[in-house]
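S.K.:
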Amino acid sequence: GAGVSQSPSNKVTEKGKDVELRCDPISGHTALYWYRQSLGQGLEFLIYFQGNSAPDKSGLPSDRFSAERTGGSVSTLTIQRTQQEDSAVYLCASRESGRPTEEQFFGPGTRLTVL
Amino acid sequence: GDSVTQMEGPVTLSEEAFLTINCTYTATGYPSLFWYVQYPGEGLQLLLKATKADDKGSNKGFEATYRKETTSFHLEKGSVQVSDSAVYFCALKNQGGKLIFGQGTELSVKP
Numbered sequence: 021g022a023g024v025s026q027s028p029s030n031k032v033t034e035k036g037k038d039v040e041l042r043c044d045p046i047s048g049h050t051a052l053y054w055y056r057q058s059l060g061q062g063l064e065f066l067i068y069f070q071g072n073s074a075p076d077k078s079g080l081p082s083d084r085f086s087a088e089r090t091g092g093s094v095s096t097l098t099i100q101r102t103q104q105e106d107s108a109v110y111l112c113a114s115r116e117s118g119r120p121t122e123e124q125f126f127g128p129g130t131r132l133t134v135l
Numbered sequence: 418g419d420s421v422t423q424m425e426g427p428v429t430l431s432e433e434a435f436l437t438i439n440c441t442y443t444a445t446g447y448p449s450l451f452w453y454v455q456y457p458g459e460g461l462q463l464l465l466k467a468t469k470a471d472d473k474g475s476n477k478g479f480e481a482t483y484r485k486e487t488t489s490f491h492l493e494k495g496s497v498q499v500s501d502s503a504v505y506f507c508a509l510k511n512q513g514g515k516l517i518f519g520q521g522t523e524l525s526v527k528p
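If you read the protein sequences in the order shown, they are chains A and B.
The first sequence runs 21 to 135 under our numbering.
The second sequence runs 418 to 528 under our numbering.
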């Protein structure tokens with residue numbers, strides 16, 4: 021079946037612009053995660069959605085970052101007033117059930133470059 | 418807070434060499450432990466996992482044993498292939514379900 025998809029695959033933007041990154045999780049997966057993979061920082065957790073519960077935003081690095089998950093499916097990560105340090109690969113992952121032990125499946129990522 | 422430390426790369430080996438990538442962790446409670454692999458141009462894939470102490474995860478010839486006493490989860494393979502060239506990430510899953518990753522170790526296998 022279809023895996024996690026993300027769009028765009030690459031995004032180049034100018035400093036100060038806003039960007040939106042999209043994630044389509046595996047159908048039926050109730051949990052959705054955003055991570056960031058940047059040079060020198062490794063992989064960092066950003067935000068976690070589980071069903072209709074309030075999202076866990078504890079990993080968002082600043083208030084310029086926000087995310088939504090509409091209808092319990094597609095998620096959009098928005099970065100406002102982008103900075104060069106936001107350049108990274110943004111990864112989305114989804115998980116089937118409410119049990120934290122279930123495997124997370126990752127999308128291919130969106131490579132964001134802020135000039 | 419919870420954290421994962423893994424050996425720095427890049428690691429360069431000849432084909433059929435023995436591989437060890439060290440990973441140690443710090444966590445409260447009893448986390449599940451994972452190795453993820455990222456092949457060039459591809460997304461992260463789960464390689465293997467272990468959910469409790471002394472469990473051994475294995476897949477594609479790779480193995481790792483959950484050692485609670487040394488808080489380690491070292492990745493090993495007896496004979497690497499060129500196709501194993503990738504970046505390997507050690508991770509723990511804490512009680513909240515978040516994955517905490519190590520920095521990643523790049524492996525390059527030469528023919």
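Every residue, glycine too, gets a C-beta built ideally from N, C-alpha and C.
Report the rounded CA-to-CA distance for A/Val109 versus A/Arg89, giving the unit in angstroms.
M.R.: Between A/Val109 and A/Arg89, the C-alpha separation is close to 20 angstroms.
S.K.: For chain B, find out if any of its Cβ atoms is closer than 8 angstroms to the Cβ of A/Tyr68; answer yes or no.
M.R.: It does; some Cβ of chain B falls within 8 angstroms.
S.K.: Confirm, please, whether the CB-CB distance from B/Glu523 to B/Pro427 is below 8 angstroms.
M.R.: A contact, by the Cβ cut-off of 8 angstroms.
S.K.: Helix or strand or just coil, what does DSSP make of B/Gly521?
M.R.: The answer is coil: DSSP assigns B/Gly521 none of H, G, I, E or B.
S.K.: Assuming A/Pro45 and A/Ser114 form a contact by the criterion Cβ under 8 angstroms, report the distance between their Cβ atoms to the nearest whole angstrom.
M.R.: A/Pro45 to A/Ser114, Cβ: 3 angstroms. Contact.
S.K.: Using a Cβ cut-off of 9 angstroms, pull out every chain B residue sitting near A/Gln104, in sequence order please.
M.R.: Within chain B, no residue comes near A/Gln104; the closest Cβ sits about 21 angstroms away, beyond 9 angstroms.
S.K.: Give the DSSP bridge partners of B/Ile438, in chain order.
M.R.: DSSP, once it has assigned bridges, lists B/Leu492 as partnering B/Ile438.
S.K.: From the beta carbon of A/Pro128, is the nearest beta carbon of chain B less than 8 angstroms away?
M.R.: For A/Pro128, the answer is yes, since a Cβ of chain B falls inside 8 angstroms of its Cβ.
S.K.: Would you say A/Leu63 and A/Gln70 are within 8 angstroms of each other, going by their C-beta atoms?
M.R.: Not in contact: A/Leu63 and A/Gln70 (Cβ atoms no closer than 8 angstroms).
S.K.: Considering only their Cβ atoms, is the gap separating A/Leu97 from A/Val32 smaller than 8 angstroms?
M.R.: Cβ distance not < 8 angstroms, so A/Val32 and A/Leu97 don't count as in contact.
S.K.: Measure the C-alpha to C-alpha separation of B/His491 and B/Gly519 and round it to an integer number of angstroms.
M.R.: Cα-Cα distance, rounded: 12 angstroms.
S.K.: Between the Cα of B/Phe506 and the Cα atoms of A/Gln61, A/Lys35, A/Gly79, A/Ser47, which residue gives the shortest distance?
M.R.: Nearest option by C-alpha distance: A/Gln61.
S.K.: Would B/Leu465 be called buried (16 or more neighbouring beta carbons within 10 Å of its own) or exposed?
M.R.: Per the 10 Å Cβ criterion, buried.
S.K.: Beta carbon of A/Lys35, beta carbon of A/Thr133: below 8 angstroms?
M.R.: No, these two residues do not count as a Cβ contact at 8 angstroms.
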